Amino acid sequence: MNKESESGISLSVEKEQGNKQSTHEIRSKANDVEFNVREDLLKQQAWLRHNFQDACDVLERQSKQMNDLKKGLMAPVGTIFQDLFDIKKNQRAQEAKLNALDGQVAALRNEQLEFQNKISADLLCLSTQFADIVEFIRGGDAKKGEGGSSSRPPPVRVERRPLPTPQSPRDVAGSSSAVRIPTFPCTTGTLAERVEQARRHILESGFSITVEEAAERIRQADFQESDRLQRERERARREKRSSSSRRRRGF
Numbered sequence: 000m001n002k003e004s005e006s007g008i009s010l011s012v013e014k015e016q017g018n019k020q021s022t023h024e025i026r027s028k029a030n031d032v033e034f035n036v037r038e039d040l041l042k043q044q045a046w047l048r049h050n051f052q053d054a055c056d057v058l059e060r061q062s063k064q065m066n067d068l069k070k071g072l073m074a075p076v077g078t079i080f081q082d083l084f085d086i087k088k089n090q091r092a093q094e095a096k097l098n099a100l101d102g103q104v105a106a107l108r109n110e111q112l113e114f115q116n117k118i119s120a121d122l123l124c125l126s127t128q129f130a131d132i133v134e135f136i137r138g139g140d141a142k143k144g145e146g147g148s149s150s151r152p153p154p155v156r157v158e159r160r161p162l163p164t165p166q167s168p169r170d171v172a173g174s175s176s177a178v179r180i181p182t183f184p185c186t187t188g189t190l191a192e193r194v195e196q197a198r199r200h201i202l203e204s205g206f207s208i209t210v211e212e213a214a215e216r217i218r219q220a221d222f223q224e225s226d227r228l229q230r231e232r233e234r235a236r237r238e239k240r241s242s243s244s245r246r247r248r249g250f
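Structure below.
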């Protein structure tokens, strides 16, 4: 009986020792697994941290490059926009100047027309005065020719008639009765001196002309010359305006 109890006790002790050894082995293996898992997790965490840091560095470099690129582009783009703004500003200023010049040209043109009308009126008045002077001179000469007669001769009537139109050589050759008044060269001096020069030139050419006719020819020549200069100035203004318009369209 004692042997059986001792054998049972020994079996239970052995069993308990086996259980303890098994438990110790299981715990040891669990600890090893836990250590390996923790080590793997730490390695993975370090790897993830390293990759995240690399990604942050790459993003920072790219952001810096983008900022540098923006700065590099903003300088020339800003300069281009400033140049365009200056060009538009200058263009508007030039258009304003051209409009002001057009107004001044129109005002000058009106003043010139008024001046030409005034000159024509003055020339007509001078021509009338010359006619009166010639009438007075002829009246004095007639009075002297009568030998001191007390009776005053009747005033000489000066008739203002248009000058004959110069004919072409073909018309002169075709008609022997055609009368051609020669032209006279440019005259200088006062109006009275110019009239006398023109009259003397025509008389030397073998034609008869009065002072009134010479004054009328002078007035017509001045008017034609003024009209020619006016047309030349108008043509020059049109050409200048056309060239300015072409330059603006080309720009």
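Residue 250, in numbering that gives the first Met the number 0, is where the sequence shown stops; the numbers in between run on with no holes. Yeah, the Cβ is synthetic: ideal placement off N, Cα and C, and Gly gets one too. Being a predicted model, the structure only gives us computed values, none of them experimental.
Contact check, residue i vs residue j, beta carbons under 8 Å
i, j, result
"VAL104", "ARG234", "no"
"GLU211", "ALA120", "no"
"LEU97", "SER241", "no"
"GLN90", "SER225", "no"
Alpha-carbon spacing of residue i relative to residue j, whole angstroms
i, j, result
"LYS273", "GLN81", "With the chain represented from 0 up to 250, any question about residue 273 goes unanswered, as that position is not in the structure."
"VAL157", "GLN223", "Caution is warranted here: a pLDDT of 36 is assigned to VAL157, below 50, making its placement in the model unreliable, and no coordinate value can be reported."
"GLY102", "ALA95", "11 Å"
"ASP31", "ARG37", "10 Å"
"LEU228", "LEU100", "20 Å"
"LYS70", "PHE84", "21 Å"
"GLU195", "GLN93", "51 Å"
"ALA74", "MET65", "14 Å"
"ALA220", "ILE79", "59 Å"
"LYS19", "GLU13", "10 Å"
"SER27", "GLN44", "25 Å"
"GLN16", "LEU40", "36 Å"
"ARG193", "ARG108", "28 Å"
Nearest to residue i (by Cα), restricted to the options the options
i, options, result
"GLN128", "PHE34, ASN50, SER62, ALA191", "ALA191"
Inset, instruction - Go through the stretch 35-113 residue by residue and report every complete run of the alpha helix (DSSP H) that reaches 4 residues or more, in order. - result: none
Inset, instruction - Take every Cβ of the stretch 214-224, pair it with every Cβ of the stretch 131-138, and state whether three or more of those distances are shorter than 8 Å. - result: Too few Cβ pairs lie closer than 8 Å, so no.
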